[in-house]
Each structure stands twice: as C-alpha cells, then as structure tokens.
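Protein chains in written order, with my numbering: chain P, 4 to 340; chain G, 4 to 340; chain W, 4 to 340; chain R, 4 to 340.
Where a beta carbon is used, it is the ideal one built from N, C-alpha and C, also for glycine.
Here's the structure, in structure tokens; my notes come after.
There are 4 protein chains.
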Amino acid sequence: MHFFSDNATPVCPQVMAAIAAADRADRGYDGDAWSARLDSAFSDLFAAPVRALWVATGTAANSIALACLCPPYGGILCHEESHIAVDECGAPGFYTHGATLMPLPGKGAKLAPATLIDRLKAIRPDVHQIPARAISITQATEYGLVYTPHEVAAIGQVARDHGLGLHMDGARFANAMAHLGCHPGDVSWRAGVDILTFGCVKNGGMVGEALLFFGPDADARAAEAARWRKRGGHLLSKGRYLAAQILALIEDGLWLDNGRAANAAATMLAQLAPERLLHPVQTNELFLHLSAPEAAALRAQGFDFYDWGEDAARLVTNWAQDAASIQPLADALKALQ
Amino acid sequence: MHFFSDNATPVCPQVMAAIAAADRADRGYDGDAWSARLDSAFSDLFAAPVRALWVATGTAANSIALACLCPPYGGILCHEESHIAVDECGAPGFYTHGATLMPLPGKGAKLAPATLIDRLKAIRPDVHQIPARAISITQATEYGLVYTPHEVAAIGQVARDHGLGLHMDGARFANAMAHLGCHPGDVSWRAGVDILTFGCVKNGGMVGEALLFFGPDADARAAEAARWRKRGGHLLSKGRYLAAQILALIEDGLWLDNGRAANAAATMLAQLAPERLLHPVQTNELFLHLSAPEAAALRAQGFDFYDWGEDAARLVTNWAQDAASIQPLADALKALQ
Amino acid sequence: MHFFSDNATPVCPQVMAAIAAADRADRGYDGDAWSARLDSAFSDLFAAPVRALWVATGTAANSIALACLCPPYGGILCHEESHIAVDECGAPGFYTHGATLMPLPGKGAKLAPATLIDRLKAIRPDVHQIPARAISITQATEYGLVYTPHEVAAIGQVARDHGLGLHMDGARFANAMAHLGCHPGDVSWRAGVDILTFGCVKNGGMVGEALLFFGPDADARAAEAARWRKRGGHLLSKGRYLAAQILALIEDGLWLDNGRAANAAATMLAQLAPERLLHPVQTNELFLHLSAPEAAALRAQGFDFYDWGEDAARLVTNWAQDAASIQPLADALKALQ
Amino acid sequence: MHFFSDNATPVCPQVMAAIAAADRADRGYDGDAWSARLDSAFSDLFAAPVRALWVATGTAANSIALACLCPPYGGILCHEESHIAVDECGAPGFYTHGATLMPLPGKGAKLAPATLIDRLKAIRPDVHQIPARAISITQATEYGLVYTPHEVAAIGQVARDHGLGLHMDGARFANAMAHLGCHPGDVSWRAGVDILTFGCVKNGGMVGEALLFFGPDADARAAEAARWRKRGGHLLSKGRYLAAQILALIEDGLWLDNGRAANAAATMLAQLAPERLLHPVQTNELFLHLSAPEAAALRAQGFDFYDWGEDAARLVTNWAQDAASIQPLADALKALQ
C-alpha cells in the first residue's frame, strides 16, 4: 500500500468520467469549450474575478507564477524547505531567468511575518544587492501545516508594505481548505495573495494544475503567463482534457470532498500514535518517529513511505482512502507500540 | 467537421483503454512500471538502443532536444517555416537559454544540403559570430512533405561534416512513416538523427510526446534532458498515464495504422481536386487553392480549416477518418468545381 | 597603416588628458564626481532630459537597451546586416533572456518603414507567435549611411503606432551627426528614439560607451538598465575613468570634431575613386570594388583593411586622420587606376 | 581620506605609464600585441600552462568562470558572505543561466572542507534536487583572511572527490600572496583550482581583471569563456589598454609590491588598536569595533569607511599608502582610546 505520496494514487472516478465526456473533437490548445469555462468557474468558487490557466504540473505553475512577480534580478522570499527551494531542480530560476530564492527558516515550514521583515531589512537598496520582489508560501506546507486566514493576511500585509508580489503554492490547497473550513477567498485574494497554484493532481486529477490570478493586475499577469506557458511547452494541444479534469473537481465541490477524505485518513492514523508525531496533523501528511527496525517492519508488510532523515518517516494519505482502507496500516502501527 | 488540425481529433479508443488500464497506484513521476518500459519498447521499434523520455508537448520535446545539442551562444539551422521558428513563441530560445535559430528557405518547407552548406560557409569562425551547432528538420514538414531516407542521410552527412547535432521534429512522424513504408531506423539513427521528437498526440494520444535519443551520446544527452524536463515542469507526477498512451501507440503498430488512416483520407480528398493542390499530398495535410467565396461556402456547410494566406487553405485529416467520414467534404469539394 | 577599423586608432589626446585628470581618489562604481555629471551633460547636449549610464562596450550598451525594451518572449526588428544581428555572438539574446531578432532587408543596411510594417502585419497576435516589441536601427549604418531626421521620425512613427520601443545603435553617432549637421535631438528623442547607444570608443575614447534614455519612461528604464549593468558585470569599480572620457568628448564638442575629421578623410579618399564605391560615402567608411590583386598590392604597401566578400573591401577612417596622413593611401589608390 | 575601498584609490603610476605606452594603433579586440602576451606572462608567473583572458570587471570574471564550471541546473557551493552571493546582484545566476548558489557558513568567510562535505551529503542524487557542480572560494576572503596552500588543497580534494570544479575569486589575490609569501601556484593549480579571477583593479589597475584557466581543461574552458565574454559585452574593442595594465602589474612583480604595501598599512593600523579587531588582519582590510560616536568622530576628521553592522566598521588600505600617509588615521585612532 502506497503512503509515499498522493501522486501514487489513481485518478478519481468523477475526473475519469469527465475526461471521457470531453473526448470529442474541439478546437486545439485552449480554444475549446472546457477551457473557456475556467475563468468563470473559478470566479464563482472564489467569489471574485479570477483569471485561470491550466498547465501540466505544479512545478510549471509555481515557476510561471514567480516569473510574473519577479524580474531576473529580483529575489523571492520562501521557506528553506519549500518545494520550490528543495524539489524543483531550480525550475523557478529557469522560468524567472535567474531570479534568486531567498530561503528562510520557520517551524513546520511556515513563514512568519517577523522573519520576512528581518530579511527584508537586511537588504541594502543599492544595485549590488538583490532586491526582494516576491514572497512564496505553501498552503498546506511541506509538513502539512495550514496557514490561517489571519496568518496569510499578515504576510499579505508585509508584501504590500514592501511592494512585493505574493504567491501561494497550493499543491495541497484542497487539504488546507478542508482543514480550515473557511471560504477559499479568505486565504487567497482577501488575504493579499496575487497568484495561487491550485493543485489538482494530488487531489484526484490525472494531468493539469490551475494557475489563478487575482486582483487588479490579474489580466496583465495572465497575459504574461500565457506567454511563459507557451514558451515552457505547457500549452497542450488537447487542452480540453485538462480543463475538463479541473472543472470536474471544482464545479461540484469534489475537490473539497477529496481533501476531506484524505485529511480524515491522516487524522485517524495520527490518533493511533500521537506520541510519534513530529508535527501536528492538520491535513494529509504524517511525520512520525519511526526507528529503522520499525520502518523495516512496516515495509515488510507492504507499506510504502518516505524516510524523513533518521528515525522518522513521512506518510501521505489520499482522497481514495477511508477508515476501511487504512485499517491495515492502523493495525500495523498499533502493533509497533 | 474539423479539418483545421489533427489536434482537434479525440483520443483514439485503444489509447483511452490504455489510460484506463494504467489507472492504479504506482510510483510517482517516471518511477512507474509503464515509464520503465519505454526504453526497450522504442529500442525494439527502432532496432537500436534508444533512450526515451515523455514530456507534455511537442514544443517541450523540440526545445529540450535543441538544448541538448546547442549551447546558448550557438545557432540552429532550420527551415524558415518550421514550427520551431514560427509557432512556438521562441520556446527553443527559452530552453537553450538564448541560442539563435538560423532560418533557411526551401521548397515545401524541406531543407536541402546545399542550402545548409552555403549558410555554414558564410559563418566566420571568430567569437563575434554565432557558430552553428545543430540542424533541425521536420518529418513530415509543415507542408506535409516527407524526407526520404536518402535525403535525411544527406543532411546527416552535413551535420557530421560540420560537427553539428541533428534533431528531427516528428510531430507527424507516423504520417511520414506511413508514406515511406521503410523501417523507422532508416530515417532516424541510420541517417544520422541524434534526437527525434516522436509525436503521439496528433496521432491519437491525449497528452504526451516521446523524446528519443540515439547513438553513442544517447545516455549523456538523456541525462541532461531529464534535468531540462524537470526544470521545465515536464516531469509529471503521474507519468504512468503518459507512458501508457505512448506504449499503446507503439507496441502493436497502432501508431502506423493511425498514420495510414489519416494519410488515406488526405489522398482521397486530394484526388478529387488535383488542380487545386499547392503541394503534393504525401501525408495528412492538404494545401488547396480556395477562393474566399469557396472557403466561405465550405464553412457554411460546417467544415472548419485554416486560411493559408490569400486564396488558399490548409486542411488536415486524422486517424479517425475513413472514406465514409470524409464523404461530406468530398462532396462539398466536388460541388465547388 | 590601419584602415580596418576605427577601433585600431589610439585614444585621442584630450581623452587621455581627461583620464589623467580623473586619476585621483573618489567613490567607487558610479558614485564619483564625473559619473554624477553625465545626466546633465547629456541633457545639455540633447536639449532634453536624459538619463545616462556608462558601460564598457557597445555590445553591452545595445544589449542592455534591448533588454529594457523587449521581454524574453518578444521580437526585435532590425536589419539583417546590423551589428546586433551579425557581430555580437547573440549578446542581445543573452541580455534579453532569449528575445528573438527579426532580421529585415534594406539597401545600405537601412530599414524602411514599409519593410517594418509588412513584417509586423505578418505576425499573428496569438501566443504561438513572437510579438514584436522593439525596433533597432543603426546610425550610421554598417555601410556608413545616415538616416535623416525625417527617416528616423518615420520609423519612430511605426514604433509608436505598434507600441514598440525604438533603439538606436549609435556606435558611429558622431560620424552621422557630422554628416547631418542638425541638432542631435532631431535624430533621437524628437524622432521617437527611446534609447541611444552613444558611441565613444570609435570616436577617440579608450573604454566606455554611453547609454542614453529619453522620454517619459527614461527613469524607469534607466533603473532597470542599472540592474542589467550590474548583473552583466559592467558596473566598473573605478567608473570615474569612463565618465571622464565621455565628458571629455561631449562637453566641448570634441565628439563632433572627431566625427568630422574621420568623415573628411573618407570623403577625400572616396573622391579619388568614385567609380569603385559600392555605397555612397556619408561618414567614415568606404566600401570599394577592389580585385584580389589590387587588394594584395595595397596590403604589400602596408595598408590594412577588411575584405568584404569577393572583389570588395571595407576601409574605415578615423578621428586622427587628416589630408596629410591619408596621402599615402590616396597615392596608392590613384596608382591602382 | 578614503578607507572605504581599494576601488577608491587612483591608478598606480606604472600602470598609467603602461597605458600611455600602449596608446598606438593595433588590431582591435584581443588581436593586439599586448593581449597576445598574456598567456605566456601568466604561465611564467604561475610556472604552469595558463590560459588568460581579460574582462572589464571582477563580477564578469567570477560569473564567466562559474558559467564554465556549472550548468544552469547545477549548484555552486560558496560562503554565505561571499561577494558572488552578496554583492553582485545575481550576476552568477545571469551568466550561468540560472545556476543556484548554495551559501554556507564559516568563520571569517572561509569555507571548511567538512562544511562542504556535509552539504554535499544532503543532496539527493535524483533529478528533483540541484546537483552541486562547483565550489567557489575567495582569496583573501571578504574579511581579509587568507587560505593557506594546505587549506586550498583540502578544498581542492573535496572538489575532485565529488567531480566539482573549483573557482577562486582572487579580487585580492595579490594581498593574499603578499601575506603567504609562497609561490602563486601553491594556492592555485597545485591545490586544485581550475579557474582564478586574478584581481588587478584593487591592486592599482584602472580597468580590467584577468581570468586564468589551469589544468587539462584550460583550453576548452577558455574557448567557452571567450564566447561568454563576447556575449556579455566584455570583449572590449581596444583591449590592448587592458592587457597593457595587466602586464605592467605582473611582469615585474609590481602586483606583489602593491599587495605588500597595502597589507603593511593595514598591519600598522591594526597594531594601534588590537583590542578593537573583529578579525585578525592578514591582508588590507580591518574590521574594527567602533561605536557610533567614534565613527562619527573619525568621519568628522575626514576619514571615510563603511559601517559594518552595528558598532563596527570596515577600513580598507591600498597600494598607495605607506607609514606617512596613514599617520593621520593612526593618530585619530589612538586619540579614540
């Protein structure tokens, strides 16, 4: 049983059905009927004007977002364990043509306003130093923790005060929203987020993530992003198959249902071994103390997961799981005690 | 009825079935069982050692290929009407970090060895001028014409003589092979092609093209390409769905069947209006003299296609068509006479 | 005797004196007293507000100018024989992060408005094609020909009509102005030029060219350019030595005197062999019919120059020459008749 | 009196004389007689085959060096306070097309082998993470400290063990050598350095630094570097004036004399206030505890220097100073006690 990533999960049936329904002739690229509906569907979901573009991956979505916010000579404040800093082989540097990530510490991979402000103060405003131009935060973080609306708004305020753009990597935005229970606008445009990577693949999709632009610059930035998308090779010729997946997830609340299911599975597992938890479990990731023999024992029973440094492991649950399906792992964890 | 692009066509049923068959949990990215089979499947098809990577689009495939062959200060000889020069918004310049396309003329969008040699001779070898480092040709060309094995080999010889890499954009490689009837190795590695963009989407796929590396540098170039793929955001997290499509096309000859079907439809239409043809019809594209009123008349009957300058039109047939399905257009064309 | 380039010439004495005068301690980079005077000195010269930056070379000046006018996905209309297209090893592509030069024909390396307009019309406005964003012209051209104020203004109008920036490569701006006899503003900001590479080295300088910004966007573009200058390694730590050279040339009209001297030498030579001229001589370059034996004969007498294709040669005169100093060449040319 | 940077110092007389001697006609770019002598002059100095290129600045030299050692997707291990990380506005990212600096801690801005090895161990070898490809160290460091031959060799060993290139930023190489008293080869090629930025401007030059390539890859890397130099706009058209400066410094030991003079001045000042020193003084930089009132008092007497955070200052001495010329500052420092 795979617990090493939500990427390992199959596509959710409603998304598969949507792909089948889109399997007919239409205009190429994003000239089709499904792609045409994205802006309004996301505007409805966020209760604000949204410009939406699909791209093939979250790496592309994050990088294109940053290219819209930061010039090649600029810097991007981010967490030192963020996906853009650690796991994208420099993709943001590629799409921004050389902008510099400015990695910062923070518990649970969350950035605090004070940390941002201190870093900004340390930058001399002359041409010798790289000026910060954007902040990127991850919702939920790499440790599955969630920024509250208030926390995002505080970072949004730092961004505004310093003339920086604010990007949110929402690879697990659905999981974060399932945890928060608030309106999606509350942790995005209302809190000062300019561009959101709205994750779909981890949440039951096959291919395709949405890149969302909010606020008065949305049109101009989306036009720029459309150029980066083309140049990056992300303007797929049969885009309707991507748009259909995204619409299937968002138009009837499936995205949130899937996020809730994944979170519930993680919570159930967490409750079995609270003393092992390295971080609180707010979404669908568990970071557990696990000795090498314990890890080996679990693997011997067919459970797959990442080692996370020494004597620790990361387990990720997904939309397809429920109490029954995680029972074998629950039993195995209990047996370790 | 859509004749404006093979991109407008649905996904072919066998590919759809392969996607469904791949819809189960497996390792993320390219760690899955389907991706693991690509190298050997293509090696079998080409009767030579092949390294194969999937990427989301042909634009990405072409650009990554060129980035493996040409440094930022180098030049790439190509046809002035090639897709990389005209329709990719500078993507090759993006992935190569600024390499320069060197567009050349040639009938039917085909490059001739003499044209290449003349251009190469005109480059001074000092540091002020951009040195050519690669040649890129398109098989079939933007006008649907096909390079014979002999013609490719002659260009391959120019490449070798001048220390250049040779890339082939095979967005319609299946159509070209259906026309040629030879072994796919004859117009690729045996003729000096280093990297081939093996097109799948126009040939019945949904998402995903294959990038193939031949020859002694294949391993090193594929390793570089894997980095560009990641940095470009083309290492999809559920790559098994792409690999499955590609395997479905190539493992049982479906790619060639689909190419033949599309070509046959074009040939049938061409025979109805030979005097209108602007180029010989060798694959699945027809370029026709068509006056504005004639074009309007066809469109009024529901046929869709591109205008190609003044008094001309491009019609593209596809894998899903047969004699019956193109009959309405055939009748309409005859009625124009 | 060197006639192959004005780069071969020594530094003019007044510039050397200015360097010596600047040889004392001052703030580093552009924090010195000389650099501080550049804006006002150029504003006086052009009778308009000017922002001025020194950089080490014309290649850097041209490239940084284009980076201020054109995004990575944009195109730059230029002459197919322009220095930026032919002799800078793709430097504009480096500084613009991949923008595409769009080379155009034109007699004497001059661009005509109609040629520009035709090329612009051929660009589809979709994301697949590279949108033009700038025009670059050379004053005087690579063949020593001069755009009149009227001609520049006509190109400026094309730029304005299409929302394009206009750059002028003035490597030999002094020679052009010496020929025109008009106010320098007439062929620059009054005619719609946004950024001018104001050449100094060919005109008697040692190191350093000036990059001039005109118009309402001057401040914003100069701020961007200051970043490219730093990132390109062109913010020299002892910038006062560059600023002093530039001021020496422009503050007392030396630049124009030097331009006149060089032009006069070329005119004198041209009059000796009018039937050999491939282009009219307006500045300091002569393009002559010269058979291989004739070229060899001249070289045997110690005259150095470039071959310019078959049976032709380029000779360049410079600020240090007068009637007496070119007499040996004049005699040699006469002897060829 | 300027103590804020050795950049503030005038050009040393012998260099000025060399410039005057080079002030005659010769071939442009690097085709002149002075540039032609660089390889052999540096080969003599380092007692090994050296390929040498001049460029306008240290920023360009460092960046081009790194572009020769590290691909766009690679990482460069460096100190977190190194000039390339802190004061070049991302120039290494520009020339490398997006490579990532990997900043590391270390006392006195020196890197230790163990720190490098730990960082290298933390990099997963998959395509998601940036692979280290180069190490860059500074000799003398930003705090004026010097790596011994043994220390450089230990880092060279780490580089070799991990397949990394080794760059040395020698903006103050002369000062370091004056301190060490060993052969320049001992801290460069013999210790595993592949490319050395050999600083000239801080050491008495006007414009121009030397980029030196050692070892079996020297020719290939120098050929690459010549392309980056041209594309970066650093192939100055009157290169003889740069080459002449560099030769004047190295051919008769002037570089070392100048380094010694600057170091001696710093040492004299250091001995006056040993209790104020934040770092040992090995070269020409002093980092002093200095309260705000003390700093103000010194400035009121006409001494100029950088504040270095709170209650600290950086003072830099230079080649032009001797006991007499620093006496006023010595007196002022003593008066503070």
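- Straight-line spacing of the CA atoms in R/Ala-63 and G/Leu-293 works out to 57 angstroms.
- Proximity of chain R to P/His-165 at the Cβ level (cut-off 8 angstroms) is not reached, the minimal Cβ distance being about 18 angstroms.
- For P/Ile-133, the chain R residues whose Cβ falls inside 8 angstroms of its Cβ are Cys-92, Gly-93, in order along the chain.
- Counting every other CB atom within 10 Å of its CB across the protein chains shown gives P/Cys-71 a total of 16 or more, marking it as buried.
- Taking the beta carbon of P/Phe-7 as reference, no residue of chain R falls within 9 angstroms; the closest one sits roughly 13 angstroms away.
- Approximately 5 angstroms separates the beta-carbon atoms of W/Asp-29 and W/Arg-243; this is inside 8 angstroms, confirming the contact.
- Taking the C-beta atoms as reference points, G/Phe-216 is found nearer than 7 angstroms to G/Ile-198.
- In the structure shown, the three-state DSSP call for G/Pro-13 is coil.
- R/Glu-212 places its beta carbon less than 7 angstroms from that of R/Gly-61.
- Using a Cβ-Cβ cut-off of 7 angstroms, W/Lys-241 does not count as an interface residue toward chain P, since no Cβ of chain P sits closer than that to its own.
- Judged by DSSP in its simplified three-state form, W/Leu-293 adopts coil rather than helix or strand.
- Less than 7 angstroms divides the Cβ of R/Val-190 from the Cβ of R/Val-155.
- For the segment 46-76 of chain P, residues whose beta-carbon sits nearer than 7 angstroms to a beta-carbon of chain W comprise Pro-75, Tyr-76.
- Following the DSSP letters along the chain, one finds G/Val-58 inside the beta strand (DSSP E) bounded by residues 54-58.
- In terms of beta-carbon proximity, G/Thr-103 lines the interface with chain W, with at least one pair separated by less than 7 angstroms.
- Relative to the Cα of G/Gly-218, the nearest Cα in the group G/Trp-37, G/Ala-50, G/His-5 belongs to G/Ala-50.
- In this structure, the alpha-carbon of R/Ala-251 lies about 18 angstroms from that of R/Asp-9.
- Taking every protein chain shown into account, the CB of G/Cys-185 has fewer than 16 other CB atoms within 10 angstroms, so this residue is exposed.
- With a minimum length of 4 residues, the unbroken runs of alpha helix (DSSP H) contained wholly in the segment 86-149 of chain P fall at 86-89, 94-98, 116-124.
- Setting aside the 5 residues that flank it on each side, G/Pro-187 is surrounded in the same chain by Leu-48, Phe-49, Met-180, each with a C-beta closer than 7 angstroms to its C-beta; the list follows chain order.
- Within the DSSP bridge table, the entry for G/Tyr-32 names G/Lys-241 as partners.
- Comparing C-alpha distances from W/Ala-316 to each of W/Leu-281, W/Asp-90, W/Ala-326, W/Gly-305 shows the shortest one belongs to W/Leu-281.
- The C-beta of W/Arg-232 comes no closer than 7 angstroms to any C-beta of chain R.
- Under the 8 angstroms Cβ criterion, the segment 262-270 of chain W does not count as touching the segment 22-42 of chain W, having fewer than three qualifying pairs.
- Less than 7 angstroms separates the beta-carbon of G/Gly-207 from that of G/Trp-322.
- Taken through DSSP and simplified to helix, strand or coil, R/Val-319 comes out as strand.
- Nearest Cα to P/Lys-124 within the set P/Thr-270, P/Ala-112, P/Gly-173, P/Asp-164: P/Asp-164.
- When rounded, the separation of the alpha-carbon atoms in G/Leu-41 and G/Ala-246 is 7 angstroms.
- Considering only beta carbons, the part of the segment 114-142 of chain W lying closer than 8 angstroms to chain G consists of Val-130, His-131, Gln-132, Ile-133, in chain order.
- W/Leu-214 sits away from W/Val-18, with the two beta carbons spaced by 7 angstroms or more.
- When secondary structure is reduced to three states using DSSP, W/Leu-301 falls in the helix class.
- Chain G has no Cβ within less than 7 angstroms of the Cβ of P/Tyr-150.
- Taking G/Ser-38 as the centre and dropping the five residues before and after it, the same chain places the C-beta of Gly-242, Ala-246 closer than 6 angstroms to its C-beta, in chain order.
- Taking all protein chains in view, the Cβ of P/Gln-340 is surrounded by fewer than 16 other Cβ atoms within 10 Å, so the residue is classified as exposed.
- Not a single C-beta of chain W is nearer than 7 angstroms to the C-beta of R/Tyr-309.
- The three-state reading of DSSP puts R/His-186 in coil, since its state is none of H, G, I, E or B.
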